[in-house]
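Chains as they are written, first to last, in this note's numbering: chain A, 273 to 802; chain B, 4 to 400.
Here a beta-carbon is modelled for each residue, glycine too, at the ideal position from N, C-alpha and C.
Remember, it's a predicted structure, so these values are computed and weren't measured experimentally.
Only one structure is covered here, and it is reproduced in the block below.
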Amino acid sequence: MQAVHDHTQGHGHDDHAHHPTGIMRWVKSTNHKDIGTMYLWFSFAMFLVGGVMALIIRTELFQPGLQIVQPDFFNSMTTYHGLIMVFGAIMPAFVGFANWLIPMQIGAPDMAFPRMNNLSFWLLPPAALLLIAAQFMPGGGAGVGWTMYAPLTTQAGPAMDLTIFAVHILGISSIMGSINIITTILNMRAPGMTLMKMPMFCWTWLITAFLLVASMPVLAGAVTMTLTDRHFGTHFFNAAGGGDPVLYQHIFWFFGHPEVYIIAIPAFGVISQVIPAFSRKPLFGYASMVYATASIAILSFMVWAHHMYTSGMPVEAQLYFMYATTLIAVPTGVKVFNWVATMWKGSITFETPMLFAIGFLFLFTLGGFTGLVLSITPVDVQLHDTYYVVAHFHYVMVAGALFSAFAGIYFWLPKWTGRMYNESLGKLHFWLSLIFFNVTFFVQHFLGLAGMPRRIPDYALQFTEFNAISSVGAWGFGLSQLLFLYIVIKTITSGEKAPEKPWEGADSLEWTHLPTPAPWHSFETPPVIK
Amino acid sequence: MKQTGFGVRGAFAVGGVWRGWALRLAAFIASLWAVSAQAEYKLNLQAPNTLLGHDIYNLHTIVTVICVVIFVAVFGVMFYSVFHHRKSTGHKAAQFHENTAVEVAWTLIPFVILIALAVPATKTLVKMRDTTQPDMTVKVTGYQWKWGYDYLNGEGEGISFLSSLSTPRNQIEGKDEASRKARQANPNYLLEVDNHLVVPAGKKVRVLVTAADVIHSFYVPALAVKQDAVPGFIRDTWFKAEKPGVYRGQCAELCGKDHGFMPIVVEVLEPAKYTEWVSTQKKKVAAAKVDPDKTWTLDELKARGEKVYAQNCAACHQPTGMGAPPAFPALSGSKMVNGPKADQIALVLNGKKGTAMAAFKHLSDEDLASVITFTRNSWKNSTGEAVVPADIKSARN
Numbered sequence: 273m274q275a276v277h278d279h280t281q282g283h284g285h286d287d288h289a290h291h292p293t294g295i296m297r298w299v300k301s302t303n304h305k306d307i308g309t310m311y312l313w314f315s316f317a318m319f320l321v322g323g324v325m326a327l328i329i330r331t332e333l334f335q336p337g338l339q340i341v342q343p344d345f346f347n348s349m350t351t352y353h354g355l356i357m358v359f360g361a362i363m364p365a366f367v368g369f370a371n372w373l374i375p376m377q378i379g380a381p382d383m384a385f386p387r388m389n390n391l392s393f394w395l396l397p398p399a400a401l402l403l404i405a406a407q408f409m410p411g412g413g414a415g416v417g418w419t420m421y422a423p424l425t426t427q428a429g430p431a432m433d434l435t436i437f438a439v440h441i442l443g444i445s446s447i448m449g450s451i452n453i454i455t456t457i458l459n460m461r462a463p464g465m466t467l468m469k470m471p472m473f474c475w476t477w478l479i480t481a482f483l484l485v486a487s488m489p490v491l492a493g494a495v496t497m498t499l500t501d502r503h504f505g506t507h508f509f510n511a512a513g514g515g516d517p518v519l520y521q522h523i524f525w526f527f528g529h530p531e532v533y534i535i536a537i538p539a540f541g542v543i544s545q546v547i548p549a550f551s552r553k554p555l556f557g558y559a560s561m562v563y564a565t566a567s568i569a570i571l572s573f574m575v576w577a578h579h580m581y582t583s584g585m586p587v588e589a590q591l592y593f594m595y596a597t598t599l600i601a602v603p604t605g606v607k608v609f610n611w612v613a614t615m616w617k618g619s620i621t622f623e624t625p626m627l628f629a630i631g632f633l634f635l636f637t638l639g640g641f642t643g644l645v646l647s648i649t650p651v652d653v654q655l656h657d658t659y660y661v662v663a664h665f666h667y668v669m670v671a672g673a674l675f676s677a678f679a680g681i682y683f684w685l686p687k688w689t690g691r692m693y694n695e696s697l698g699k700l701h702f703w704l705s706l707i708f709f710n711v712t713f714f715v716q717h718f719l720g721l722a723g724m725p726r727r728i729p730d731y732a733l734q735f736t737e738f739n740a741i742s743s744v745g746a747w748g749f750g751l752s753q754l755l756f757l758y759i760v761i762k763t764i765t766s767g768e769k770a771p772e773k774p775w776e777g778a779d780s781l782e783w784t785h786l787p788t789p790a791p792w793h794s795f796e797t798p799p800v801i802k
Numbered sequence: 004m005k006q007t008g009f010g011v012r013g014a015f016a017v018g019g020v021w022r023g024w025a026l027r028l029a030a031f032i033a034s035l036w037a038v039s040a041q042a043e044y045k046l047n048l049q050a051p052n053t054l055l056g057h058d059i060y061n062l063h064t065i066v067t068v069i070c071v072v073i074f075v076a077v078f079g080v081m082f083y084s085v086f087h088h089r090k091s092t093g094h095k096a097a098q099f100h101e102n103t104a105v106e107v108a109w110t111l112i113p114f115v116i117l118i119a120l121a122v123p124a125t126k127t128l129v130k131m132r133d134t135t136q137p138d139m140t141v142k143v144t145g146y147q148w149k150w151g152y153d154y155l156n157g158e159g160e161g162i163s164f165l166s167s168l169s170t171p172r173n174q175i176e177g178k179d180e181a182s183r184k185a186r187q188a189n190p191n192y193l194l195e196v197d198n199h200l201v202v203p204a205g206k207k208v209r210v211l212v213t214a215a216d217v218i219h220s221f222y223v224p225a226l227a228v229k230q231d232a233v234p235g236f237i238r239d240t241w242f243k244a245e246k247p248g249v250y251r252g253q254c255a256e257l258c259g260k261d262h263g264f265m266p267i268v269v270e271v272l273e274p275a276k277y278t279e280w281v282s283t284q285k286k287k288v289a290a291a292k293v294d295p296d297k298t299w300t301l302d303e304l305k306a307r308g309e310k311v312y313a314q315n316c317a318a319c320h321q322p323t324g325m326g327a328p329p330a331f332p333a334l335s336g337s338k339m340v341n342g343p344k345a346d347q348i349a350l351v352l353n354g355k356k357g358t359a360m361a362a363f364k365h366l367s368d369e370d371l372a373s374v375i376t377f378t379r380n381s382w383k384n385s386t387g388e389a390v391v392p393a394d395i396k397s398a399r400n
């Protein structure tokens, strides 16, 4: 690192001198680390907001009957829980990781477009405010589901318009973030850092960024058509005017299925860094992981209508979408086998990041298998829009993406803050999350199999027991996340000083070429990769 | 923080304080388990009552078993590593990576399994979508928030009725002990309706599915039927029930406020009993048929209107007429309801675009006249004015 400092850029400024302090440090930040930090805190705040909504839902469902909320409000909660968790919590969390890590991992000083980076972050808070303000519009939030299916959306009150604009803003932010990531990765790699030498995390984000650029405009189109149907007399989704409500679903899911992988693929990237580090062994098949990730991304654009098996399409189309969907199991299998083979004959230790990575591997695969069950059209027709689907996607979103984000935060926190988190508390956080997650969601498979539809505020008596168990689990899971907040704050304020290289097996540039904590500018002079 | 191997045992060791809490938590979960041990757990799909349903049931079992087997195999390997390849036991990391033979195998084997799965799945799917040569055809229409059934073809042709939730509102709200008890004692809570969809056993029933307002979904698990009801389009599905009985389902697509309160009840009868049902139904229709020239009194209209209101309007505008503003405006004291009757008739007939107010054209002239009369002469409203079926008839044209 000393060598990097010695090689000054002519004007010889010190790392820590030239940036605003106080609140303006954050408002005007063009530094990838500060922006990454803001992304992560923003997403955690949204995680808490969406989590409170989830707890309102689960509390109402603790017993049959309407206890604490009315159906309209319940529908609004399911809608905004979904929107806020997907667009406000999980996606920004991984953009936060991208900001922090990509420049460090490829040997660049910062992101390619630092000012655009600032703007892509600062678009998020207004969008979040719109989503929250929607709750207080006349008529309350729009109870249309996060999928916002037409023509229910034409009935919704003004909250729907706020929601549409929030989605537009979030989309613009994501696209700008993606342009930044693609440009940074393609143009700013250190000499010798060929694409096929990049850490897996960078690869997964490169692929994800292309998915975002290709799919977000499609969502923007869908919600814009909803907006004009609502206010400007168009009939895109209105049969009476020559439109088709199912057209909305096709457009939405053409975005929506890639979106699933926009969330999952960066999570794969984090796991692909953590598992080799704690197994002290290189990733088993680097090249095949890259190809598998790319295959998943390409396939994700060809399977959208498997979300719509019951909305009515020719049997030939159903057959095609069934075959194409089952195909995704092949590259996904390759990834899982690769992670297991990486652990095989390693020298494994089980610090918190590794525990979350193993939890991810185990539960994400379970969610993948229920996905395979759902890909079989006749079976899906039985399970579509039931709690089986709710269980399935929470296994891939929560035990998948969220556990991966936890693994990543525990893994890189020493690099980011220069301090160690408390290992015992970290492990406690893992075990509580693991147990309560399964208490919450495993039983929902049974509810779905028995025929309980999703998005209902009240249910028939035969669903009572599993709903009660699920609600208890949800509260446990929610409260456990406050422990996570405590751990992170305690690390930042009073954690033990982290060693230069806390993880013996970590081998990407941020660990091998940069001091801990990471300096303000990552690489002012690019390292040379052999 | 020094780097040590924690191992699985280390992972559990989270300190004495926490151990106490963990024990208390375990005891709590165990007590939950004990409380609900007597409860009936449904862990699988509902017992199918159609041949196709059996196929689907078996298909689900096959896929799930394959998944479980692969899952156990893969994670058997992983947990073997977790226990045997740890640093704390002194295991040294091998540095191998990439092996073409292994990688080709774990790409091809899943592929072959998928092809093997595709064969029964394709067969079942093709069967599922074959709606040709039905014995009878019923059109199902989703409304916010009830179902309409029209027998279009085959025995029972011409029968037509609406079907809505019959669970009393007070059981759902459970505001007092008595209604909560009644809820707990109601085996069909939220799964009961006033008029069942009645069909004969052993006959192929083609179901045409559509909707009047937003998307609904016609879902009866035991009959292995789920088809979205899309407004402006007609989709179809079919079932052939094997055994007589009552089969219950629900709307499966979010359709607004009372999405959770529009169940479907299908009553399957022996063919002979079905014939009986058809004839009583036809007699009822004939008896209920109103002489178009009948002169209605205000009280007759109000009495009939009250029932129509309860079935069609009260969910949003409330039995008290106070609505739930702003989404569902109050009718009591409303300018619209106390204004010229022609405006109100037009509104009820055609609905109001961009709001939850649906069109109610599908109701009969008598029902519409009586419900409008009812609203104009109830609560704070006292126009003293009767709207008669002839008014509706002329407004329709």
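Report the partner residues of residue i according to the DSSP bridge assignment.
i      : result
B:D239 : B:L211
A:W418 : DSSP, once it has assigned bridges, lists no residue as partnering A:W418.
B:Y154 : B:V141
A:M470 : For A:M470, which the question treats as bridged, DSSP gives no partner whatsoever.
B:L451 : Since the first residue shown for chain B is 4 and the last is 400, residue 451 of chain B is missing from the structure and cannot be characterised.
B:A327 : B:F331
A:I620 : B:R89
Applying a beta-carbon distance threshold of less than 7 Å, which residues of chain A neighbour residue i?
i      : result
B:F220 : Position check: residue 220 of chain B holds Ser in this sequence, whereas Phe was assumed. The contacting residues are T582 and D657.
B:G109 : Contrary to the premise, residue 109 of chain B reads as Trp rather than Gly in this sequence. Correct list: G605, V606 and F609.
B:C70  : F641, L644 and V645
B:I348 : Within chain A, no residue comes near B:I348; the closest Cβ sits about 20 Å away, beyond 7 Å.
Chain B partners of residue i, CB-CB under 9 Å?
i      : result
A:F718 : Y44, K45, L46 and N47
A:V670 : Within 9 Å Cβ-Cβ: nothing; A:V670 doesn't reach chain B, min ~19 Å.
Given that residue i touches chain B, what residues does it touch there, using C-beta distances under 8 Å?
i      : result
A:N347 : L257, G259, K260 and H262
A:R552 : K90 and A96
Looking at residue i and the ligand SAH, is the gap between the Cβ and the nearest heavy atom below 8 Å?
i      : result
A:A663 : As presented, the structure is devoid of all ligands, the ligand SAH included, so that no description of it is given.
Leaving out the 5 sequence neighbours to the left and right, which residues in its chain are closer than 6 Å to residue i when beta-carbon positions are compared?
i      : result
A:H785 : P799
B:G56  : A227
A:F738 : V715, F718 and L719
B:L334 : H320, G324, V340 and T378
Please list, in chain order, all residues of the same chain as residue i whose beta carbon is under 7 Å from its beta carbon, the five residues on each side excluded.
i      : result
A:G282 : Any answer about A:G282 is weak, because its pLDDT of 40 lies below 50 and its placement is not dependable; what the coordinates show is given next. Once the five neighbours on either side are set aside, A:G282 has no close Cβ partner at all.
A:G323 : G750 and Q753
A:A671 : G631, F632, L635, F636, G639 and F709
A:Q590 : Y581 and T649
Considering only residues of the same chain and omitting the five flanking positions on each side of residue i, which have a CB-CB separation below 8 Å?
i      : result
A:G723 : T658
Could you work out which residues of chain A lie near residue i, taking near to mean beta carbons separated by less than 8 Å?
i      : result
B:G177 : G337, L338 and Q339
B:H199 : Those within 8 Å of B:H199 in chain A number zero; the least Cβ separation is about 16 Å.
B:Q224 : Residue identity check: residue 224 of chain B is Pro in the sequence provided, not Gln. Residues of chain A passing the Cβ test: Q654, A722 and G723.
B:M339 : The premise fails here: B:M339 is roughly 18 Å from chain A at the closest Cβ pair, so nothing lies under 8 Å.
B:P190 : L733
Using the beta-carbon of each residue, which ones in chain A are nearer than 9 Å to residue i?
i      : result
B:E388 : Result: empty, since nearest Cβ-Cβ is about 30 Å, beyond 9 Å.
Show which residues of chain B have a CB atom less than 7 Å away from the CB atom of residue i.
i      : result
A:L591 : T125 and L128
*asked:* List, from N- to C-terminal side, the beta strand (DSSP E) runs of 3 residues or more that fit wholly inside the stretch 231 to 288 of chain B.
replied: 238 to 242, 248 to 254 and 266 to 272
* Asked: Between the stretch 487 to 519 of chain A and chain B, which residues of the former have a C-beta closer than 9 Å to a C-beta of the latter?
  -> R502, H503, N510, A511, A512, G515, D516, P517 and V518
Against chain B, which members of the stretch 716 to 740 of chain A pass a CB distance test of less than 9 Å?
H717, F718, L719, L721, A722, G723, M724, P725, R726, R727, I728, P729, D730, Y731, A732, L733, Q734, F735, T736, E737, F738 and A740
Report task. Quick one: which residues of the stretch 534 to 550 of chain A get their C-beta closer than 8 Å to a C-beta of chain B? List them in chain order. Result -> none
Residues in the stretch 325 to 337 of chain B having any Cβ partner in chain A nearer than 8 Å:
A327, P329 and A330
*Using Cβ-Cβ distances below 9 Å, what residues of the stretch 380 to 410 of chain A are close to chain B?*
P410
Report task. Could you please tell me which residues of the stretch 111 to 130 of chain B, in chain order, have their CB closer than 8 Å to any CB of chain A? Result -> P113, F114, L117, L120, A121, A124, T125, T127, L128 and V129
Below 8 Å between beta carbons is the criterion; list the residues of the stretch 229 to 250 of chain B that meet it against any residue of chain A, in chain order.
-> K229, Q230, D231, V233, P234, G235, F236 and R238
Segments of 4+ residues assigned as alpha helix (DSSP H) that fall wholly inside the stretch 514 to 601 of chain A = 517 to 551, 558 to 571 and 587 to 599
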